[in-house]
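A.B. asks: Have a look at the structure that comes next, please.
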Amino acid sequence: MGVLSMKSSTWVCIFPSSIQELLSKLPEPILDRIEEVRVRQERPLELNYAGQFHYVSRRGVLTDVPHEGYRPTREDGNRLLDFITNHSLYTMEEELRKGYITIQGGHRIGLAGRAVLTKGHVDHLRDITSFNIRIAREMQGVGDSIIPYLLDFRHQTVNHTLIVSPPQHGKTTLIRDLARLMSTGQWRHPEAKWKGLKVGVVDERSEIAGCMKGVPSFDVGPRTDVLDGCPKAEGMMMMIRSMSPDVMLVDEIGRPEDAEAIREALHAGIRVIATAHGGELEDVLRRPVLNKLMSDELFQSYVVLRRSGRGMSRRFYDARRRLLHPDGLAMKGGGMDG
Amino acid sequence: MVKLIGAVLVIVSGTLFGFYQAAQFANRPKQIRAFILALQRLETEILYGFTPLADALGKIGQQLTDPLKSIFTEAARRLTDHRSSVTAQESWQFAVEEQWKHTAMKQSEKNIIYQFGFTLGTSDRNDQIKHIRLAINQLQHEEAAAQNEQGRYEKMCRSLGLLAGALIVILIY
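Residue numbers (this note's numbering), protein chains in the order written: chain A, 38 to 375; chain B, 2 to 174.
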């Protein structure tokens, strides 16, 4: 937990001093488990952790009564925006169009305000009054119990894998750790003796590696290349052509062009580990693009994640979507970001 | 003898004061000019470079000479100092307040540059550019006024210093 405490202090710094003061009064164990801090102008400051939400009162204690909560002022909002944009809103035009900013440490901040349209499309946001600060936590070791099930012994690599889980249940944390394990060659299996692989990460939303100026904030392994902020489909094609990865990782696939790029990777002999939103495999099957990929048996393994109160459960399926290990064992470590 | 030395000292200091005043009149348009150029460079950094504000200010500061240099570098230093947690506006305005006394510029330019801080870094590129151009425009007016004053008062100040010194000597000798 020592590492986490150190990390938590870094994200507290982005808040204006009024909010920083309140947060610093919270007990350390809570601070270490916070997943989201939600700042809404003139409405109570909210914290989410371990699946619950609370407001923070003016005295810096947690409360469930909205009107006791500290209400961030306009000044607080402006200062927060100034800090998270590194005092340079004009460098964040693309981010403002997409509605979120990634800051140092890989934390992602979702924004809401008034949209400015040009020709019917969102150009950028102005009057930003709602901030959702999602705290990214590096949880080294979450992939340890999963990677042995993904190994392809014949080719000394990993299977094409689709990881399915609802938002906030640890997908991104998991593939970040998988990148590290594959890159360093830690296969967590007595018979897997091959060395680390070249890993390519297409990190459209700067969440997996949390890059700042192109350098990953998280440990994603020594043989990992990160294409930061690049649209997935285009990024995958660029990776295939230029970086010759052995394994490629992408987060949240679902558009037709993503599927096209995955097929391309397959034909180039590159293994793909992708994630998709969904509670069950059936949910994913209902999405036409993914359904096509799955019915063509392009994925050799499926992992379904679910977080319950006591920890993580995961299930594995093979290419024909048959349940492989119906154990549903609890994994260590509860709090993960989506 | 002592009287004579005193008289010389009074005349010398009067002359120096006159020269100093004249230099202020001569430096003011020069510094305004340099500030306009610096703002134009900032415009380029923002419009084409997408350079973060702290880097842009630091870079521009390095290319300037004092006293303008310290306004930019001081503002950049405050922004990069993570412990101080100041906004762009605060660091800019603080640097202006802090360093202004070393410049030859006057209150009217200070107001323009101080006002400019309110929008610094807080809007999209188009808006930033508009504010920079507005500031440049206003400074150009001040520059013209400053040049006018320089033409009128620079020489006068020089001779006035010497004459004032001489007058004091005559009065108290």
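The beta-carbon is built from N, C-alpha and C at its ideal position, and this holds for glycine as well.
#1: Exposed or buried, which one is B:M106 when buried takes at least 16 other CB atoms within 10 Å?
#2: To the nearest angstrom, report how far apart A:I378 and A:N115 are at their CA atoms.
#3: Would you say B:R126 faces chain A, with C-beta separation under 8 Å as the test?
#4: Report yes or no: is there a C-beta of chain A within less than 8 Å of the C-beta of B:T45?
#5: Under 7 Å between beta-carbons, which chain B residues line up against A:T128? List them in chain order, please.
#6: Given this structure, state the Cα-to-Cα distance separating A:M276 from B:L54, to the nearest angstrom.
#7: Would DSSP call A:L162 helix, strand or coil?
#8: Would you list, in chain order, the members of the segment 63-88 of chain B that have their beta-carbon closer than 8 Å to a beta-carbon of chain A?
#9: With a threshold of 16 other CB atoms inside 10 Å of the CB of A:K269, please say whether the residue is buried or exposed.
#10: Secondary structure at A:C50, three-state DSSP: helix, strand or coil?
#11: Within 10 angstroms of the Cβ of B:G7, are there 16 or more other Cβ atoms? Answer buried if so, exposed if not.
#12: Along chain A, which residues have their Cβ under 7 Å away from the Cβ of B:Q129?
#13: Using a beta-carbon distance below 8 Å, is B:G122 in contact with chain A?
#14: Using a Cβ distance threshold of 8 Å, determine whether the segment 61-72 of chain B contacts the segment 147-161 of chain B, with at least three qualifying pairs required.
#15: Figure out for me which residue from A:V340, A:D164, A:S125, A:L211 has the closest Cα to the Cα of A:H317.
#16: Under three-state DSSP, which class holds B:L164?
#17: Please state whether the Cβ-Cβ distance between A:G142 and A:W48 is less than 8 Å.
#18: Going by alpha carbons, who is nearest to A:P64 out of A:V93, A:L303, A:L264?
#19: Whole angstroms are fine: how far does the CA of A:I310 sit from the CA of A:Q337?
#20: Go through its chain and collect everything with a Cβ distance to B:Y115's Cβ below 7 Å, but skip five positions before and after it.
#21: Could you compute how far the alpha carbon of A:I184 sits from the alpha carbon of A:V236?
#22: What residues are listed by DSSP as bridge partners for A:L84?
#23: With 8 Å set as the bound, which would you pick, yes or no: does the beta-carbon of B:T16 sit closer than that to a beta-carbon of chain A?
#24: Please list, in chain order, the residues of the segment 319-347 of chain A that have any C-beta partner in chain B closer than 7 Å.
#25: Along chain B, in chain order, which residues have C-beta atoms closer than 8 Å to that of A:F120?
#26: Apart from the five residues just before and just after A:C267, which ones in its own chain have a Cβ nearer than 8 Å to its Cβ?
#27: Tell whether a beta-carbon distance below 8 Å holds between A:L68 and A:L60.
#28: Return the residues of the segment 151-182 of chain A that lie within a Cβ-Cβ distance of less than 7 Å from chain B, sorted by chain order.
#29: Comparing the C-beta of A:R134 with each C-beta of chain B, is any distance below 8 Å?
#30: Less than 8 Å between the beta carbons of B:I12 and B:A146, yes or no?
#31: According to DSSP, is A:G375 helix, strand or coil?
#32: For a minimum of 3 consecutive residues, which ranges assigned as the beta strand (DSSP E) are wholly contained in the segment 309-357 of chain A?
#33: Considering Cα atoms alone, identify which of A:G180, A:Y137, A:A298, A:K250 is closest to A:A149.
#34: Secondary structure at B:I114, three-state DSSP: helix, strand or coil?
#35: Near A:D181, which residues of its chain fall below 7 Å by C-beta distance, leaving aside the five closest residues on each side in sequence?
#36: Hey, would you say A:Y127 sits closer than 8 Å to B:R79, going by beta carbons?
C.D. replies: A quick look at the data gives this:
#1: By the 16-neighbour rule on beta-carbons within 10 angstroms, B:M106 is buried.
#2: Nothing can be reported for residue 378 of chain A, as the shown portion of chain A is limited to 38 through 375.
#3: yes
#4: no
#5: F51, P53
#6: 32 Å
#7: strand
#8: L80, H83, S86, T88
#9: buried
#10: coil
#11: exposed
#12: Y127
#13: yes
#14: no
#15: What sits at residue 317 of chain A in the sequence shown is Glu, not His. Checked all of A:V340, A:D164, A:S125, A:L211; the closest Cα to A:E317 is A:V340.
#16: helix
#17: yes
#18: A:V93
#19: Straight through space, the alpha carbons of A:I310 and A:Q337 are spaced by roughly 10 Å.
#20: Within its own chain, the residues whose Cβ lies closer than 7 Å to the Cβ of B:Y115, once the five positions on either side in sequence are excluded, are Q94, V97, listed in chain order.
#21: 14 Å
#22: A:V74, A:H91
#23: Any Cβ of chain A closer than 8 Å to the Cβ of B:T16 would place that residue at the interface, and such an atom is absent.
#24: Contacts with chain B (Cβ-Cβ distance below 7 Å) from the segment 319-347 of chain A involve no residue at all.
#25: Under a criterion of Cβ atoms nearer than 8 Å, the residues of chain B adjacent to A:F120 are, in order, S86, T88.
#26: V239, D240, E241, M275
#27: yes
#28: H161
#29: no
#30: no
#31: At A:G375, the pLDDT of 39 sits below 50, so the modelled position is not reliable; the number obtained from the coordinates is stated separately. Coil at A:G375, not helix or strand.
#32: 338-345, 348-355
#33: Distance check between A:A149 and each of A:G180, A:Y137, A:A298, A:K250 places A:Y137 closest, using alpha-carbon atoms only.
#34: helix
#35: Here the set comprises R225.
#36: no
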